[in-house]
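According to this note's numbering, the stretch in the sequence shown is residues 32 to 518, in order.
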Amino acid sequence: MSDNITVAGVSVDTRHWIGGERVASAGTFTDHSPIDGTVLGEIARGGPAEAQAAVAAARDAFPGWAATPRAERARILHAVADGVEKRIEELAIVETTDNGALLRSHRRGVMPRVAHNFRFFADWLLRLDHEDFETRGHTNHVSWDPAGPCVLITPWNAPLMLATWKVAPALAAGDTVVLKPAEWSPLTASLLADIAAEAGLPAGVLNVVQGYGSEIGDALTSHPDVRRISFTGSVPTARRIAESAAANLTPLSLELGGKSPLLVFADADLDLAVDLAVEQYDNAGQVCLAATRLLVEEPVAEEFTRRFVEKATALRQGDPRDEDTDIGPTIHPRQLEKIDGFVRRAVAAGARAVIGGRRGDGQYYAPTLLTDVAQDSEIVQEEVFGPVLTLQTFTGEDEAVRLANDTRFGLAATVATGDRERAERVSARLVAGTVWVNCFFVRDLQAPFGGSRQSGVGREGGTWSFDFYCDLKNTVTAPKGWDHNHG
């Protein structure tokens, strides 16, 4: 078996990247394209041995990288960004082929954002300082000390962008990294390893290991040399990671699922509200932040629904490499079965499919809107992670907020209203890590990002990322007691 595969004309190494070298495994797993089921290649399947080797490489590389001056770390991260920008087309076509998201989005938005992730945290590092302050004449100086090796476990729905949301601040902080990409979309992580090496990142500072779930994950998250763990994914997996990390009290950052609401008030610009609602089908609904629960004030519910159906049924579903496609496939046959099961159970319980509600050919699921759903039903309470929205109505702010907050999640919320004071009142009452008002998915890296309740633990972004990836130290110095003979 060759160590390299060719994906849309791009050569991708299928081995792990450990300690600055490519490392094979005895076993492999098969990577398929969700577009048409094509086998892309056999990927090195790591286990405890590869996990141990990767953490050891990160541990050995840590002292040197932690001691590297900030300006030099920032220079290397900018060089990584340069490498990403030179290969945007290659990264875009490989990721589209591997996970089924739209090629036009990868070209124009996602891959440029990957480069921005590195540039932002490189620049933020150089301005990262607290002012010294005085306590009864004593000087307090707060510093961010690099924490150590980090394990970063990332999802399949936006593989490279979500990985670099973690990799970039960890490296900027002076930490070393073991990145474990999702097994359903591992390829661009391998390309990132190549780009980082070409940019001059020292061996062992970034390691990439591939494998199935707990086969390699448990060995990574329970390792005593790991100082930070950041994970994006499901609540059940997060629980397992937390249990594994508990023995070493390893700090965790967890960005988990969501069941976010979109609240549409009668005074909203309905065309804007409909656009926001239809936007929730982005990436075939495989977005943790998606506002999958449409909550619409009764006086405008009928008109909102009419306009929504008109716009949603005009979406084109098909090959994500086609410029005219609006919705691609779901990532994997297992995910398709999960989505279909949710919808079938909902319909059997009395829900009505206004649009969709059915599978297409291959791994495609039609954009779906379900009405006549009970607040305590599975379809309203549980994350589907597919192109499935529900619509409920409300009367007044109190009911809107009650319905919006009535799940175990709290990742995000979107509010559509023409009344600024209402927007402020409602936003203040919503349980969510992010609230968007008359917009969606506007994400500034200097803002805190994370979820409430079972949508996550901790915040990342801007200084919050460095707070997590560093050990904060306060040095208190007395005003006297110096040996003046030594200057």
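Every residue gets a Cβ at the ideal spot worked out from N, C-alpha and C, and that includes glycine.
So what does DSSP say about residue i, is it helix, strand or coil?
i	result
residue 177	strand
residue 262	strand
residue 42	strand
residue 502	strand
residue 412	helix
residue 133	coil
residue 47	strand
residue 333	helix
residue 493	helix
residue 445	strand
residue 109	helix
residue 518	The predicted position of residue 518 is uncertain, since its pLDDT is 47 and thus under 50; no value can be drawn from it.
residue 462	coil
residue 66	coil
residue 284	strand
residue 488	strand
Using CA coordinates, which residue listed in the options is at the minimum distance from residue i?
i	options	result
residue 273	191, 254 and 142	254
residue 511	61, 124 and 170	170
residue 68	215, 389 and 240	215
residue 368	389, 379, 280 and 355	389
residue 174	487, 497 and 248	497
residue 427	87, 294 and 244	294
residue 42	513, 223 and 303	223
residue 136	150, 119, 438 and 151	119
residue 436	454, 418, 451 and 458	458
residue 79	155, 196, 248 and 263	248
residue 334	506, 296 and 379	296
residue 128	469, 217 and 139	217
residue 151	162, 107, 121 and 163	107
residue 451	469, 475 and 438	469
residue 350	56, 474 and 314	314
Verify whether the separation of the beta carbon atoms of residue i and residue j is less than 9 Å.
i	j	result
residue 114	residue 199	no
residue 420	residue 311	yes
residue 58	residue 76	yes
residue 358	residue 348	yes
residue 325	residue 308	yes
residue 124	residue 352	yes
residue 220	residue 194	yes
residue 298	residue 449	yes
residue 483	residue 442	yes
residue 44	residue 225	yes
residue 495	residue 479	yes
residue 176	residue 97	yes
residue 197	residue 263	yes
In its own chain, which residues sit with a C-beta less than 7 Å from the C-beta of residue i, not counting the 5 before and 5 after it?
i	result
residue 500	178, 181, 200, 201, 204, 206 and 259
residue 227	111 and 237
residue 213	185, 186, 187 and 190
residue 460	432
residue 477	492 and 493
residue 70	61 and 63
residue 481	286, 464, 487, 489, 490 and 491
residue 252	182, 260, 272, 275 and 276
Does any C-beta atom of chain D lie closer than 9 Å to the C-beta of residue i?
i	result
residue 399	Going by chain labels, chain D is absent from the structure shown, which holds only one protein chain.
Can you give me the Cβ contacts of residue i inside the same chain, cut-off strictly under 6 Å, excluding the 5 residues immediately before and after it?
i	result
residue 167	none
residue 65	131, 360, 362 and 394
Hey, is residue i close to the ligand NAP, as in C-beta under 8 Å from one of its heavy atoms?
i	result
residue 513	In the structure shown, the ligand NAP is absent, as is every other ligand, since no ligand is present at all.
For residue i, which residues in the same chain have their Cβ closer than 8 Å to its Cβ, ignoring the five residues on either side in sequence?
i	result
residue 144	192
residue 403	381, 382 and 383
residue 54	46, 47, 48, 75, 81 and 84
residue 141	123, 126, 132, 189, 191 and 192
residue 340	385, 386 and 400
residue 424	326, 327, 328, 329 and 332
residue 165	171
- Task: Say whether the segment 413-423 touches the segment 286-305, bearing in mind that this needs 3 or more beta-carbon pairs closer than 8 Å, one atom from each stretch.
- Result: The count of Cβ pairs closer than 8 Å, one atom from the segment 413-423 and one from the segment 286-305, reaches three, so the stretches are in contact.
- Message: Whether or not the segment 97-112 and the segment 432-447 are in contact is what I'm after, with contact meaning three or more pairs of Cβ atoms, one per stretch, closer than 8 Å; do they touch?
- Response: By the Cβ criterion, the segment 432-447 is not in contact with the segment 97-112, since fewer than three pairs of Cβ atoms, one from each stretch, lie closer than 8 Å.
- Message: For the pair the segment 370-380 and the segment 396-411, tell me if three or more CB-CB distances fall below 8 Å.
- Response: Between the segment 370-380 and the segment 396-411, the count of C-beta pairs closer than 8 Å reaches three or more; the two stretches touch.
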